[in-house]
Amino acid sequence: MRVIAILAAYNEERFIAPCLDHFAAQGVETYLLDNESTDRTVEIAERYLGRGLIGIESFPREGVFDLTAQLGRKEELALELGADWFIHADPDEVRLPPRSDKTLAEALAGVDGLGYDAVNFVEYAFVPTKEEPNHDHPEYQRTMRHYYPFLPRFPHRLNAWKRQPERVDLSSSGGHRVEFPGLRAYPEPFKMRHYPFLSAEHFVEKYAGKDYDAAELRTGKHGWRARVDARKIQLPSQSELSVYASDDALDLSNPRTQHVGEDWTAPRKGLPVIVGGCHRSGTSLVRRMLDAHSRIHCGPEVKFFRDFFGDYAEDPLRHIRFATTARHMLPEQDLLEEFGGAFVRSQERAASRAGKPRWADKNPENVLYLRQWTHLLGRRWVFVHVVRNPLDTLASIKEARFPLTIPPDLESRIELYKRYTRVGAKFGDRHPAYYYRIVYERLVEDPEGVLADLMDWLEEDFEPAQLAFNSAERERGLEDPKIRQTTAAHTDSVGRWRKVLTQEEAVQIARECAPLWHRVSGERLADPSGNGSRPPKTMLPRRIASRLRSKLYSWKDRSRIGEPGEEGRAPTPFIVGAGRSGTTLLRLMLDAHPDLAIPPETHFIPEVSRACGKALDNSGDPRRVFLETVTAHRRWEDFKLEKRLLAERIAAIEPFDLGQALRAFYGLYAQRFGKPRWGDKTPPYVRNMGLVGGLLPEARFLHVIRDGRDVALSSMGLWFGPGSVEEAARRWQSAIRESRRQAEDLPHYLEVHYEDLVTDTEATLKGVCDFVDLPWNPIMLEYHETAQKRMDEMRRDVTLPDGETVVSGEQRTGIHALTNRPPQSDRIGRWKTGMAEGDRETFEGIAGETLKDLGYESGFRKQ
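As numbered in my numbering, residues -10 to 852 make up the sequence shown, in order.
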């Protein structure tokens, strides 16, 4: 198999020879795209022609570094060159296989043989240190031994790919991630040693002395590299870094999400300040405080972007507005540059008239137009994102009523809140150097402290006049009328939702927004259901309840599928219920779907939640605790996963989030089978649905219910079963009652009866698929053909730490032997012939009312 690495170089005489030597030793050919280097790069490279280097091409520079044009040429070369695989690489990188027992070419051939067509590389950045600051010599790889793992996101360097029939896309991601239809990334990342600079002087030469294309700067490309300030360089100490021993021993723990050079950038002082956030979240208060500063002008709202894009709910005259009709003169982007430029100049002029050197713009919807701000200002601006408790935000919106900009119904307003908050947070994830978040509640509780921190970040002095923001003369214009009447920040509006919202409204808001609020504030949302009594439980006959609940919930689920962000993940089925109720049968049916993988029972979520909670409370390392808890769990070996791969996924989560860590585990399991979606089947989670739903809002709970007397017959005598009929009845009834109690607070809960699953399999399965938004596939009805192979994962003994066997592998798989056959209707009602009369009476005496509520007959007498 032929592999070609396509290199781009400009003045890389330090790196080009080691790079070409390395690729040749790894069985990879190279092609050099030289960007008109003025040093000895080409002269050195020419010595390698015919020795691994297959060509040198001069690519015009035209005075600036144009990354997009370079990547475009690489995309063309991937169609022109005759290779099976390509690598987009730079000369200062050393690309490596996962383990050193194979060459890079051999490892890629193995990936190809498994049916994958793209590979991600984990980056390890080697840098000079305070103790050893200069490695600017040919032996830099030998002497520069200190590094840090770099994982700003996962995948970060998905840029080796199998030849495609059509042109791939590298430029959209700045070369970090190749894109093409049907991409299947190999689950195990390869490695990359990166030598970004060899000394402080080399850093300045490489970055501060580079001219970047202005159009690329406006789109955010080059990031911190375009803002390097040589005066701020401060090399890290060796104690902050890992020490290199070998490629196989590269340590991914404690990865950084920012390169060391990102702190050596030009100051924020003087940059325009863009303020945004959801309506009624406190943006007007922040505007007043900024405008009260002697150096910052932040006038009333000017709806430039909203008018330019006609972004109003209703506007019958939109078709004759200037911003609409002007599009007949010029394309939209040209108009945005013309009128947007004039808008920016107007801001500058207004600040100058006010005698202030810096300007700010406040509009709640600024959060939706961050890309347009980047187009107008390049990277010479900062964003201040204001967030507020969703209960108070939506209560304030309810009071204010904005008919042209805010939708009238609560469901749409909740989506608006989530959109404004989520988009701003994602910008912060991508551009942390230019993003600052203010939590409204903290601002009004400690206005001086929070404002002083903001001004310090803006590199301005805090001024006491900012706290008396309404004492200064005010400009006329559009702003919140409440803030005009306010003399100082106060906490009167905190918790006001209790007077404005109904309990039903508050419960709905909390259910929908709690995870997002926790993400942006670090705080738990109040539980509004505690302010009133619970609605009475409704027990419906099983077929009616199952179908009705499917209709109640599935339409809401589908409305959110495909949206970006935390709440937009595909619904995840969690199968729960009393043991021996048919949960394994439903698991195997869903797992047979080509898009969904469900592992053997996990059991560890409550344990890992407690362990990580303690670690966070005690300033411990939740990543290490999560990894140790999961991999030490008695069920870990059932999943057939490599601990190292899970560790890499967990290390990439920044900041740590338990929900994200669980997704990393399940996602890794699904990748074993090449499936995009995952689920869970762990019957005892029937008592932990609230916990699971809080960690994974995408969870959809499928509660499998079976006649409790059949459950008792099936479970008694097993190693995990009840010791008596009394215990069996209490266990079963407790599981039903607890699940229905929790279901009142769950947005996505469906009861599936075992009897329906066995006697009306296709219709019941279609209802389940509809509930979890999984396309129907008749192959699920053939689950029994693959059941044995899936159950073999569990064919191992479970032992105690001292080695004593708790249960053998044969026992674990033997109790599921009937799953190798189509559904067996003779398993229904076995209690009628198999349960002693006294045992039946005992069971019904304890759980008879629950049986009746579920539609099961009782009082049966044997003939």
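Positions of the beta carbon are idealized from the N, C-alpha and C atoms, including for glycine.
From residue i to residue j, what does the alpha carbon distance come to, in whole angstroms?
| i | j | result |
| --- | --- | --- |
| residue 223 | residue 190 | 12 Å |
| residue 329 | residue 336 | 11 Å |
| residue 454 | residue 426 | 22 Å |
| residue 767 | residue 747 | 15 Å |
| residue 625 | residue 575 | 22 Å |
| residue 811 | residue 698 | 23 Å |
| residue 347 | residue 340 | 6 Å |
| residue 560 | residue 725 | 23 Å |
| residue 437 | residue 452 | 9 Å |
| residue 374 | residue 343 | 25 Å |
| residue 836 | residue 617 | 41 Å |
| residue 675 | residue 566 | 6 Å |
| residue 753 | residue 772 | 15 Å |
| residue 804 | residue 710 | 12 Å |
| residue 290 | residue 580 | 53 Å |
| residue 404 | residue 411 | 10 Å |
| residue -7 | residue 92 | 14 Å |
| residue 71 | residue 644 | 43 Å |
| residue 685 | residue 648 | 6 Å |
| residue 507 | residue 514 | 7 Å |
| residue 314 | residue 185 | 50 Å |
| residue 568 | residue 704 | 7 Å |
| residue 268 | residue 420 | 23 Å |
Could you tell me how far apart the beta carbons of residue i and residue j are, in whole angstroms, since I believe they sit closer than 8 Å?
| i | j | result |
| --- | --- | --- |
| residue 107 | residue 173 | 7 Å |
| residue 138 | residue 111 | 7 Å |
| residue 497 | residue 399 | 7 Å |
Thinking C-beta only, is residue j closer than 8 Å to residue i?
| i | j | result |
| --- | --- | --- |
| residue 358 | residue 294 | yes |
| residue 258 | residue 449 | yes |
| residue 428 | residue 266 | no |
| residue -10 | residue 101 | yes |
| residue 714 | residue 701 | yes |
| residue 382 | residue 273 | no |
| residue 325 | residue 364 | yes |
| residue 86 | residue 5 | no |
| residue 141 | residue 246 | yes |
| residue 22 | residue 58 | no |
| residue 770 | residue 751 | yes |
| residue 696 | residue 820 | yes |
| residue 597 | residue 691 | no |
| residue 41 | residue 9 | yes |
| residue 63 | residue 147 | no |
| residue 486 | residue 380 | yes |
Output needed for residue i: all residues of its chain with C-beta closer than 7 Å, excluding positions within five of it in sequence on either side, in chain order.
| i | result |
| --- | --- |
| residue 614 | 600, 601 and 604 |
| residue 637 | 111, 178 and 241 |
Excluding sequence positions up to five away, which residues of its chain have a Cβ less than 6 Å from the Cβ of residue i?
| i | result |
| --- | --- |
| residue 231 | 136 and 240 |
| residue 660 | 176 |
| residue 671 | 590, 591 and 592 |
| residue 227 | 118, 120 and 135 |
| residue 588 | 628 and 658 |
| residue 169 | 153 and 157 |
According to DSSP, residue i sits in a beta bridge with which residue or residues?
| i | result |
| --- | --- |
| residue 757 | According to DSSP, residue 757 bridges with nothing at all. |
| residue 350 | 263 |
| residue 783 | DSSP, once it has assigned bridges, lists no residue as partnering residue 783. |
| residue 231 | 136 |
| residue -7 | 18 and 75 |
| residue 670 | 564 |
| residue 340 | None, per the DSSP bridge assignment. |
| residue 634 | The partner list for residue 634 (beta bridge, DSSP) is empty, contrary to what the question assumes. |
| residue 110 | 146 and 179 |
| residue 372 | 263 and 424 |
| residue 738 | 690 |
| residue 286 | 348 |
Taking CB distances under 8 Å as the criterion, tell me whether residue i reaches chain C.
| i | result |
| --- | --- |
| residue 720 | Included in the structure is just one protein chain, with no chain C present. |
Within its chain, find whatever has a CB closer than 8 Å to the CB of residue i; leave out the 5 residues flanking it on each side and keep chain order.
| i | result |
| --- | --- |
| residue 0 | 26, 27, 28 and 30 |
| residue 524 | In this prediction, residue 524 has a pLDDT of 31, which is less than 50 and means its spatial position is unreliable; nothing more can be read from the coordinates. |
| residue 369 | 260 and 261 |
| residue 595 | 677 and 680 |
| residue 818 | 696 and 699 |
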